[in-house]
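For what it's worth, our numbering labels the leading residue of the sequence shown as 630, then goes sequentially.
C-beta: ideal position from N, C-alpha, C; glycine also.
Just so we're clear, the structure is a prediction, and the values are computed from it rather than from any experiment.
Let me begin by presenting the structure, written as structure tokens, before commenting on it.
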Amino acid sequence: MAAFTVESPNVRYTDSHIESKYRYQTTRVTQGANGTRKVVPVETAIDFQTELGVPRLGCMLVGWGGNNGSTVTAAILANKLGLTWHTKDGLQESNYFGSVTQASTVLLGSGPDGDVYIPLKDLLPMVHPNDIVLDGWDISAMNLADAMERAKVLDYDLQRQLRPHMEHLKPRPSIYVPDFIAANQESRADNLIKGTKMEQVDQIRRDIRDFKTKNNLDKVIVLWTANTERFSDVLTGLNDTAATLLSAIEKNACEVSPSTLFAVASILEGSAYINGSPQNTFVPGVLELAEQHGVFIGGDDFKSGQTKIKSVLVDFLVNAGIKPVSIVSYNHLGNNDGKNLSAPKQFRSKEISKSNVVDDMVESNDILFSDGKKPDHCVVIKYVPYVGDSKRAMDEYTSEIMMGGHNTIVVHNTCEDSLLASPLILDLIILTEVCQRIRFKVGEDTEYQTFHSVLSILSYLCKAPWLHLSSTHCSDRNPA
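Here's what the structure looks like:
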């Protein structure tokens, strides 16, 4: 951590904590019977207490042997070992570009020589990615070195150097329910947890405990980076409460998805759970269970390429007084994610998360969207094996401008999918852990509390974010 201290009556350092006082200012708006709005400034005193000690952290990835899992593992090892490699463009060095925590800066203040910027990771004590211990599950038994080769993401010279460090890494058996993912995934499913759903939950819990004990870890965070599932039905008596969900698992109900089983197991073990895919893992019963156990959950769906641009661009257009009326997004890719998404039910999960990203921006402007009608929004994803992990994304934004005019913006984006997603995985893990060390009390409260179980601060990194209370999903006002 960079050496700096804050000299202020509102900040106090102890051997174990940073304690700070903050005054949150906002306005409360009410509307009278005659339609006149009354605006009242509101100020709330908040005391924060941040634990200084950085724990020994482990992360278990569901889908460890996939493109994202093998790539993030390789990236951590390459950075830890300080590897360099040659490509046709010359010598390459390991880095964490694309990570908000590791490769972005914040304005600390102004000094004699102008503005002073520091890395975001130096604002508070944070776990370094090199120190994260990885493990995980996968329906494929392939070791991580072979998985890296199969993914075809990293350059050969780098793969060659990493192979001795990765070929001994093998995913633990995972949960496979054919009804929830595409039929074309069956050929990979050779590493499975057998038994009933409750037996599968119990095995996942044992795996988490085993990983934590063997590696002498203080904390474990579980993150889903496996295949997109179809949506689960949300039904009264099945998954609408924590009690009904646990009962449904006991009864081996077929509509409880593998991702929900992983979430339940993680929560029961006190491990935060992050959903990096678009399916509705967090049914109401999971939310209630997380609240009951005081465990953080976050998601859904990594926002890495095309959708990140969309959330920024539509926010810009609406704030500029320009009315988007048609958004057409086309993708083609050839990795296993694309193969799984070629099935209609799994594509529908992704289509929903990609489409809903603009909703908050539309609802914020009743001048442009006085009739409440949203822009026409079409999302297309095609599987083209040859292009592999190098996803092509093309977007057309048509907007109405002054006096009946129209404006059309076309964007072409080539995204190396896993190299964009892997830094997000690291950020999600690191920020979740930081939040576990922050407590606060509001106003005259005497007891500190933690953040709500739905960790809204992660929403900046997700396509379909789970938010608490009044958080919004757009770039300038995003909670993160």
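Just so you know, the alpha carbons of V1083 and V924 end up roughly 9 Å apart. Judged by DSSP in its simplified three-state form, D1056 adopts helix. Taking a cut-off of 8 Å for Cβ pairs, the segment 758-770 and the segment 681-694 touch, as three or more such pairs fall below it. Taken through DSSP and simplified to helix, strand or coil, M755 comes out as coil. A straight-line Cα-Cα distance of about 32 Å links G687 and N813.
Relative to the Cα of K667, the nearest Cα in the group I647, T656, G824 belongs to T656. Here L736 is exposed: its Cβ has fewer than 16 other Cβ atoms, across all protein chains shown, within 10 Å. In the DSSP assignment, the residues bridged to M689 are D764, V851.
With fewer than 16 other CB atoms across the displayed protein chains lying within 10 angstroms of its CB, N724 is exposed. Considered as a whole, the segment 665-731 harbours 666-680, 686-691, 713-716, 719-722 as its complete beta strand (DSSP E) runs of no fewer than 3 residues, in chain order. Straight-line spacing of the CA atoms in D1005 and K952 works out to 12 Å.
S1019 carries a strand assignment under DSSP once its states are collapsed to helix, strand and coil. The beta carbon of N904 sits closer than 7 Å to those of W853, S888, T910, F911, G928, D929, all from its chain and outside the five residues before and after it, given in chain order. Under the 8 Å Cβ criterion, the segment 740-748 does not count as touching the segment 1006-1015, having fewer than three qualifying pairs.
Looking from the CA of N1036, the closest CA among E884, I996, V954, P907 belongs to V954. In this structure, DSSP gives G743 an extended state, which the three-state scheme calls strand.
Under DSSP, D1000 forms no beta bridge with any residue.
Residue burial annotation: A662 is exposed, with fewer than 16 other C-beta atoms found within 10 angstroms of its C-beta.
Your pair L918 and A871 checks out as a contact, with CB atoms roughly 4 Å apart and the cut at 8 Å. Distances from the CA of N856 to each of G719, S993, G698 were compared; the closest alpha carbon is that of G698. No Cβ-Cβ contact shorter than 8 Å links V851 with S906.
Just measuring C-alpha positions, the residue of V893, K937, T665 sitting nearest V830 is V893. Residue environment for I1038: exposed (fewer than 16 other C-beta atoms within 10 angstroms of its C-beta).
Taking the Cα of M755 as reference, the smallest distance to any Cα among L712, I1058, Y653 is reached at I1058. Cβ neighbours of T702 within its own chain (closer than 6 Å, five residues either side excluded): L763, L773. Between L1048 and F931, the C-beta gap is not smaller than 8 Å, which leaves the two residues out of contact. Counting along the chain, S955 sits inside the beta strand (DSSP E) bounded by residues 952-962. By the neighbour-count definition (other C-beta atoms within 10 Å, threshold 16), L706 is a buried residue.
By the neighbour-count definition (other C-beta atoms within 10 Å, threshold 16), F633 is an exposed residue.
DSSP places R859 in no alpha helix (DSSP H); its state is neither H nor E. Bounds of the alpha helix (DSSP H) holding G914 are 913-922. One thing to note: D966 has its Cβ within 8 Å of the Cβ of D1046.
Under the 10 Å beta carbon count, M1031 is surrounded by fewer than 16 other beta carbons and is classified as exposed. The beta carbon of V991 is closer than 6 Å to those of F998, K1003 in its chain, skipping five residues each way along the sequence.
Scanning I1086, C1064, E1076 for the CA closest to the CA of V683 turns up C1064. Of all alpha-carbon atoms in L1090, T1043, L916, the one lying nearest the alpha-carbon of T1061 is that of L1090.
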